[in-house]
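Have a look at the structure below, then the notes.
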Amino acid sequence: MALQLRGEGRVREAEVHVRMGLKGAPTFALGHAILGDLMSGQERWIEAVAAYRDAVELAPELVSAWNNMGSAFRALKQYQDAEASFRRVLHLDPCCAPAWRNLGLSLVYMNRADEACLCFERACELVPENLDYAWTSARSLPIVYADDAQKRSYRERYIAGLRGIRHIVDGLSHDSALKAVDDIWDAFHFHYQGEQDRQAQSLHGELIHAVMAKAYPQLMKPLETVPSSSRRVRVGFVSSMLRKHTITFLFRGWMEGLDPDVFECFGYQLDGQEDETTAELSKTMEHFRCL
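Just so you know, the sequence shown maps onto residues 1 to 291 in our numbering.
Right under this line is the structure:
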């Protein structure tokens, strides 16, 4: 009943059923694990960890509970505890690809990129055609580099990773492409290397285009253009950071400095967060919406 309720999105009711069941059968390990999953789904991470602990104390071999507890620890930014949980999973099941990926993510947050890359590569070996694993592996970069040689090595690895992902993208079905849309956007730390990024950005853009073409083929037809010497150039700024944020601080001068006689500007603030910076930006663009 609890699983059915969760599947219908009735999470609170599912929680009530699980807790009632555990009162009658407190040693049912899987019940505690399901409770942990329900807590995780509501981002109640501390309660999730407590439920998963109960599960693994009753059933130390319960791989899914260890793995999900690690994810809850990571959400709490308790990365050492997350690492320990994922290593426990891999002790029980060395071929658990999700645990290799999750361990790698925890190591990245601890700036142990070299170890993280080995974990991601192992996940890719176990599931070679998984776009999420391949992209996570490619974009995993240190926050701080030991020297220029290490930076060059990771840069080459990232570009090679982008090239290697293309065959996975080309083989995606429509449904897989829809799921992949959110997976291949960001390589945050790459931009802090301070190098000429045009080659890598072009490769990344081609990947995004290929995924979007498979996910939304109806949107990929070229628009007809109507030549006009009097029509202004339309420029759109789409971001969740058109507010008091570093990105806006860096690009605000550009956004506000476009000649209105030449450019028609559109702004879209995506996450619904608005502040005084958002209000100021909205006054500098002819069209502005918070979504």
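Each residue gets a CB set at the ideal place from its N, CA and C atoms; glycine is no exception.
Counting along the chain, residue 86 sits inside the alpha helix (DSSP H) bounded by residues 79–92.
Rounded to whole angstroms, residue 46 and residue 212 show a C-alpha spacing of 37 Å. Residue environment: residue 143 is assigned as exposed (fewer than 16 neighbouring CB atoms within 10 Å of its CB, all protein chains considered). For residue 28 and residue 67, the gap between their C-alpha atoms comes out near 18 Å. Assignment of residue 28 by DSSP, reduced to helix, strand and coil, places it in the coil class. Rounded to whole angstroms, residue 273 and residue 240 show a C-alpha spacing of 8 Å. Contact between the stretch 101–114 and the stretch 133–142 is present: 3 or more CB-CB pairs across the two stretches fall below 8 Å. Residue 13 sits in a helix when the DSSP states are folded into three classes. Rounded to whole angstroms, the separation of the alpha carbons of residue 289 and residue 263 is 18 Å.
For residue 112, the secondary structure class from DSSP, reduced to helix, strand or coil, is coil. Membership of residue 269 in the beta strand (DSSP E) is indicated by the continuous run 263–269. Between the stretch 241–251 and the stretch 202–210, the count of C-beta pairs closer than 8 Å stays below three; the two stretches do not touch.
In the DSSP assignment, residue 288 falls within the unbroken beta strand (DSSP E) covering 287–290. Contact annotation, residue 38 with residue 16: C-beta distance approximately 10 Å; criterion of less than 8 Å not satisfied. Going by DSSP, residue 53 is part of the alpha helix (DSSP H) stretching over 45–58.
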